[in-house]
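Novice:
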Amino acid sequence: MSVIRTLSASESNEQRDREKAKLEKEYKRSDQRLDELVSLHYQDHTQVMQLFGKLSARVTTSREKIHAVKENLQACKLLLRCRRDELKKLWLEGIEHKHVLQLLEEIDQLREVPAQLTAFLAKKHYLHATQLLVSALSLGDGSLEGVEALREVRTELQAKKQQLHSRLLAELTRHLYIVSTQDVVALRRQGSGRDGNPLNSPFQRAGELRGSARVSKTRLTLLDVSVPFPNASSPRVGMNPGPNHTTAGDESDNVEEDVDAADPEAKSQHFMAILVESMALLNSVPDTVESIKIQMQTELLAIIKRTTRQLLDLSQQPTHSLGAHSTSLLLELMQTVFDQFRQVATAHASVLRSFARAADKHHIDVRLYEMPDVWSKVQAVLQLLLTDYLDIQNMAGDPQQAPTSFSESTSDISVYFARRRPPRQKRVPLFKFDYSSHALSINSYLKEQRTSSAKEYSQAGQSRQREKLLVCTPDPRNITQIFIPLMKFIEEIEHAIGCTPGNPCTLNAFLSDYIKEVFLGRHHMMVAASIESATKSLDAWRTTTSPELMSDLGLSRPLLQSTVMVERCIQDLRELMQALPVYAEHFLSIICNILRNYRETCQAAYRGIVQPDSEDKRICSAAWLKDEDISRFIKSLPNWTDLQAQKVTYRRRRPLRREETTEEESPEDVRQRNMKEAEILASNLGEGGINAHEILSDVGQLKGLAQLQESMEWFSTSILLFASELPSAPASSPRVHVASVGIPAMPETSVRALMQLAQEFEELANTCLLVLHLEVRVQCFHYLLPRANNYNRLVGGVDSQEPDPKVLELSRVLISIDEAMNSSLQPRKLKYIFEGLGHLIAKILISSAQYIDRIDERGIQKMCRNIFALQQTLTNITMAREIALDHARHYFELFYLAPEEILSGVMEKGPQFSELEYMNAFQLVHRSQAEPDYGAVNTHLSRLSDILGEVGITV
18 MSVIRTLSAS ESNEQRDREK AKLEKEYKRS DQRLDELVSL HYQDHTQVMQ LFGKLSARVT
78 TSREKIHAVK ENLQACKLLL RCRRDELKKL WLEGIEHKHV LQLLEEIDQL REVPAQLTAF
138 LAKKHYLHAT QLLVSALSLG DGSLEGVEAL REVRTELQAK KQQLHSRLLA ELTRHLYIVS
198 TQDVVALRRQ GSGRDGNPLN SPFQRAGELR GSARVSKTRL TLLDVSVPFP NASSPRVGMN
258 PGPNHTTAGD ESDNVEEDVD AADPEAKSQH FMAILVESMA LLNSVPDTVE SIKIQMQTEL
318 LAIIKRTTRQ LLDLSQQPTH SLGAHSTSLL LELMQTVFDQ FRQVATAHAS VLRSFARAAD
378 KHHIDVRLYE MPDVWSKVQA VLQLLLTDYL DIQNMAGDPQ QAPTSFSEST SDISVYFARR
438 RPPRQKRVPL FKFDYSSHAL SINSYLKEQR TSSAKEYSQA GQSRQREKLL VCTPDPRNIT
498 QIFIPLMKFI EEIEHAIGCT PGNPCTLNAF LSDYIKEVFL GRHHMMVAAS IESATKSLDA
558 WRTTTSPELM SDLGLSRPLL QSTVMVERCI QDLRELMQAL PVYAEHFLSI ICNILRNYRE
618 TCQAAYRGIV QPDSEDKRIC SAAWLKDEDI SRFIKSLPNW TDLQAQKVTY RRRRPLRREE
678 TTEEESPEDV RQRNMKEAEI LASNLGEGGI NAHEILSDVG QLKGLAQLQE SMEWFSTSIL
738 LFASELPSAP ASSPRVHVAS VGIPAMPETS VRALMQLAQE FEELANTCLL VLHLEVRVQC
798 FHYLLPRANN YNRLVGGVDS QEPDPKVLEL SRVLISIDEA MNSSLQPRKL KYIFEGLGHL
858 IAKILISSAQ YIDRIDERGI QKMCRNIFAL QQTLTNITMA REIALDHARH YFELFYLAPE
918 EILSGVMEKG PQFSELEYMN AFQLVHRSQA EPDYGAVNTH LSRLSDILGE VGITV
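Written out as structure tokens, the structure is:
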């Protein structure tokens, strides 16, 4: 049409010719392309035409054959109508023969079932065996039900069914309680704590090897098995299956058994799933579940019995170190049992999932037990175990009574030390044992528990009296060994069963009731009895530690037996704080109360020694120490500060120096210090001197005071060390977790109270030592200070060869005190008591010149003899020459000289004594003259003053 329009619109022939030529050219090109295509595809086209011809011929042949078949069928139909009855008879006979052959084959198969079943059971292919047995039973109860010849076979198969059920139940029980726990005791035969450490026993090593693997498996199981099957709100399963229903652990709905496996039991959980599936096929799941529930406690007790026997056998091996450590055996038993119970819980969780899957799959109406039921049985078994090892049955029958007050001991202690009737002390109980709501029913609770246990034994077919097979002797203190691992296991149980705070599990409540109602009450009475025997008994305060105990404690001097006994009570309570961390604060309060009452006891003992009468008639040394000026002065002296710096803290035979000794004094510093102390004490004397009732004349009392000092110092260092090791926390801190290591953090107020009590014991020790220090000096004043009719005349018939009786008495007293102190106090304290005593005696003797009326040569010799006797006594005590007494002897030798010779000596050598001592010497010399010249005395004193003013007094 385009060409036609172009030709029609053209205006000239030339334009038409051009279009014509163009059109012809295109036609020629098309013809050429067509020829090329025809030549190219000619062979293919020819082949297609040939194939089409062949297919057309075959179709025509087939139509002819079909037409022939139709004609033949019509002919056969006509012929069959003629033989219809005969063919029907033959067809019926064929069906009958076929059914008979099938029955014969089934009979042959049924007869072979027992042998096949035995073979499957021998190889533990229980699923195949069950399927075979179920199919055989269905066959015998189905098409072969009327075959009388198979009656015995059917009876045998029924018996096999019962036997298979029992065997499946036994296998499931074995895997639940034995196979699942084999890894816990797998290393028992490989060795037995060769290094002597119970913690390295095979049980402990097995627990360490399993630890990492069990964290991700067992712990998760403990936390997740509370809902092990569908419809957790109701454990009845198998009633409402649906197409979209899935069960927990649906990774294997169709349980398959590998008959080619070398060990069918290699995978215990899969094997138990096969057992459950087999029971489902036998339709015995309800009976199995009921049997498991009934046997659960019996099997758990069997685990404990097996473990106990294994540990006892292991402990009897010569290479095993647990044989002599019964408490270690108990701890080992508990930890092993806990591990096995965890594995049993894991196995029960797996079985419950299998039961749930099988019930849903086979539409079985069964009420399964739950994991809280398993944990309930575990708790019941552990309660029975604790009842045996903690001796609860015997203790429950003992009458419960509140412990006596610790403060009663303070009322009688001063009888031994004092010479007066002891004052009445207000009795303040250490603690009051308040019975809780369960206390009145603890016996009935235990009786009920035993009755319940006996009932369960009866249901399990066991006797009412369990066989007692124990690894150690029943003892309430066994709880201290097992409390922490037991509480950790209880926490796992409570977490697993979903206990809420304030609603503990039954085992936790049982343990808490036992500790509060039985253990603490019994321990309170034991502590009260120990403290009472240590403080109220007079023998306890007279008796000191034995050499063996001193060696054990690392002591060089004996201590009061009462102090050691109280310290042992404190250490026992400290160990209880570590063993029972939940009750650590309670034990710390008991410790503080014990220390408060014992402090009162010791202070009463001290008062009984230093205050035998009323307050205004106390011993002079104690009265001096009450003087704040004297007390502050003595404590400021270098010898006291040095003594405090040398204190040694004794702890478990290991001495620890508190701090380094202070800077050592020079001999001149020592002399100046001793002279200053002597002057201060001498200036504190009253007009009447020291009377006999103001000193401690009984050396036994001084020894008792020394033993009290040594005991209080040792006791205070022990308490200080204990208090310094206690971790403290504010009162608002959260409660202690049972998994904490060591003693948990205690309230700061309690720790500070303990430190304060320790410091009070230390202060009492310091007081006793200062009293001894002053008492020796008071005795010197008592015996040496002249009184009326003493030292008034040292002339005439005085025996110059023998010391004065008072001097001899003082020497005897000093020697007795040294002997008593040497056996009671450490050398550094003994040195503190006697150091500087020579200066004091010299001071007393020199000052006695003012009290002497007259003295001659024999009197001078008498005084020198006195000084020599005292010097010899002090030298034997201090093992050093007392130079201060040489100074006193030189003073009395001045009386051999005339006043002018004394003044000449002062001018030539300088003053050797004080101006007052020179004045007393001049006055005694003039009083001793036949005709005293008082004017000459004044002249000599005036010259002395002038001489001393010129040369200066350096004494």
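Position 894 of the sequence shown, counted from 1, bears residue number 911 in my numbering, the numbering being contiguous throughout.
Yeah, the Cβ is synthetic: ideal placement off N, Cα and C, and Gly gets one too.
Helix, strand or coil for Ala279 per DSSP?
Specialist: The answer is coil: DSSP assigns Ala279 none of H, G, I, E or B.
Novice: Among Glu918, Leu725, Leu660, Glu917, which residue has its Cα nearest to the Cα of Lys848?
Specialist: When each option's Cα is compared against that of Lys848, the closest is Leu660.
Novice: Just how far apart, CA to CA, sit Asp646 and Ala596?
Specialist: When rounded, the distance between both Cα atoms is 49 Å.
Novice: Below 8 Å between beta carbons: does that hold for Arg898 and Thr890?
Specialist: No; because the gap between Cβ atoms is not below 8 Å, this pair is not in contact.
Novice: Would you decide whether Arg374 is buried or exposed? Buried here means 16 or more other CB atoms lie within 10 Å of its CB.
Specialist: Counting Cβ neighbours within 10 Å, Arg374 comes out buried, since at least 16 surround it.
Novice: With DSSP as the reference, label Leu713 as helix, strand or coil.
Specialist: Reduced to three states, the DSSP call for Leu713 is coil.
Novice: Name the two residues that bound the continuous alpha helix (DSSP H) containing Gly538.
Specialist: That run of the alpha helix (DSSP H) goes 537-552.
Novice: Does DSSP classify Ser453 as helix, strand or coil?
Specialist: Note that Ser453 scores 40 on pLDDT, short of 50, meaning its location in the model is unreliable; the coordinates nonetheless yield the value given after this. DSSP places Ser453 in coil when its eight states are reduced to three.
Novice: Determine the DSSP secondary structure at Ile636, reduced to helix, strand or coil.
Specialist: Residue state, collapsed to three classes: coil.
Novice: Between the Cα of Glu349 and those of Val201, Ile858, His182, spot the shortest distance and give me the residue it belongs to.
Specialist: Checked all of Val201, Ile858, His182; the closest Cα to Glu349 is Val201.
Novice: Tell whether a beta-carbon distance below 8 Å holds between Ala775 and Ile736.
Specialist: Contact flag set, yes.
Novice: For the candidate residues Ala283, Gln357, Leu385, Asp330, whose alpha-carbon lies nearest to that of Ser301?
Specialist: Checked all of Ala283, Gln357, Leu385, Asp330; the closest Cα to Ser301 is Leu385.
Novice: With a cut-off of 8 Å, do at least 3 Cβ pairs link the segment 868-887 to the segment 915-927?
Specialist: No contact exists between the segment 868-887 and the segment 915-927.
Novice: Do the segment 954-962 and the segment 932-942 make contact, defined as three or more Cβ pairs closer than 8 Å?
Specialist: Counting Cβ pairs under 8 Å, three or more are found: they touch.
Novice: Can you have a look at Gly519 and say buried or exposed, based on whether 16 or more other CB atoms are within 10 angstroms of its CB?
Specialist: When all chains shown are included, Gly519 counts as exposed.
Novice: Taking Cβ positions, are Ala905 and Leu857 nearer each other than 8 Å?
Specialist: For Ala905 and Leu857, no; Cβs fall outside 8 Å.
Novice: So, with DSSP's three-state summary, where would you put Gly259?
Specialist: At Gly259 the pLDDT is 38, less than 50, meaning the model places this residue with poor confidence; the figure from the coordinates comes in the next sentence. If DSSP states are grouped into helix, strand and coil, Gly259 belongs with coil.
Novice: What three-state label does DSSP hand Val272 in the structure shown?
Specialist: Here Val272 sits in coil by DSSP.
Novice: What residues are listed by DSSP as bridge partners for Leu577?
Specialist: According to DSSP, Leu577 bridges with Thr561.
Novice: Figure out for me which residue from Gly855, Arg184, Glu387 has the closest Cα to the Cα of Ala366.
Specialist: Taking only the C-alpha atoms, the option nearest Ala366 is Glu387.
Novice: Quick one: what's got a C-beta closer than 7 Å to Val716's C-beta in the same chain, skipping five residues either side?
Specialist: Excluding residues within five positions, the ones whose Cβ falls inside 7 Å are Ser833, Ile834, Ala837.
Novice: Provide the residue(s) that pair with Val391 in DSSP beta bridges, ordered along the chain.
Specialist: Answer by DSSP bridge pairing: none, since Val391 is not bridged.
Novice: Measuring only the C-alpha atoms, how far is Pro916 from Ala953?
Specialist: Each residue's Cα considered, the two are about 10 Å apart.
Novice: Looking at the secondary structure, which residues open and close the alpha helix (DSSP H) in which Lys848 lies?
Specialist: Run containing Lys848: 844-851, per the alpha helix (DSSP H) assignment.
Novice: Can you confirm whether the segment 783-792 touches the segment 716-734 when touching is taken to mean that 3 or more C-beta pairs between the two stretches lie within less than 8 Å?
Specialist: Contact between the segment 716-734 and the segment 783-792 is present, because at least three Cβ pairs lie under 8 Å.
Novice: Straight-line CA distance for Ser250 to Phe355?
Specialist: Annotation note: pLDDT 37 at Ser250 (below 50); position unreliable, coordinate value reported separately. Between Ser250 and Phe355, the C-alpha separation is close to 29 Å.
Novice: Per DSSP, what kind of secondary structure is Ser745 in: helix, strand or coil?
Specialist: Three-state DSSP puts Ser745 in a strand.
Novice: Which residues in the same chain have their Cβ closer than 7 Å to the Cβ of Arg616, if we skip the five residues on either side of it in sequence?
Specialist: Within the same chain, Arg616 has close Cβ partners Leu774, Glu777, Phe778.
Novice: Quick one, which of Ala762, Ser733, Thr734, Phe732 has its alpha-carbon nearest Pro744's?
Specialist: Selected option, being the one with the closest Cα: Ala762.
Novice: What is the rounded straight-line gap between the Cα of Asp451 and the Cα of Leu528?
Specialist: Annotation note: pLDDT 42 at Asp451 (below 50); position unreliable, no value reported.
Novice: Which of helix, strand or coil does DSSP assign to Pro764?
Specialist: The answer is strand: DSSP assigns Pro764 an E or B state.
Novice: Entirely within the segment 889-917 and at least 4 residues each: give me those alpha helix (DSSP H) ranges in chain order.
Specialist: Counting only runs of 4 or more, we get 900-910.
Novice: Taking Cβ to Cβ, would you say Ser563 is nearer than 8 Å to Val795?
Specialist: In this structure, Val795 does not lie closer than 8 Å to Ser563 by Cβ.
Novice: Mark Glu31 as exposed unless 16 or more other C-beta atoms lie within 10 angstroms of its C-beta, in which case mark it buried.
Specialist: Classification of Glu31: exposed, given that the 10 Å Cβ count is below 16.
Novice: For the putative contact between Lys322 and Leu486, defined by C-beta atoms under 8 Å, what is the C-beta separation to the nearest angstrom?
Specialist: Indeed, because the Cβ distance is near 6 Å, the residues count as touching under 8 Å.
Novice: Would Leu495 and Leu347 be called neighbours here (beta carbons separated by less than 8 Å)?
Specialist: According to the sequence as given, residue 495 is Asn; it is not Leu. Against a cut-off of 8 Å, the Cβ pair of Leu347 and Asn495 comes out as a contact.
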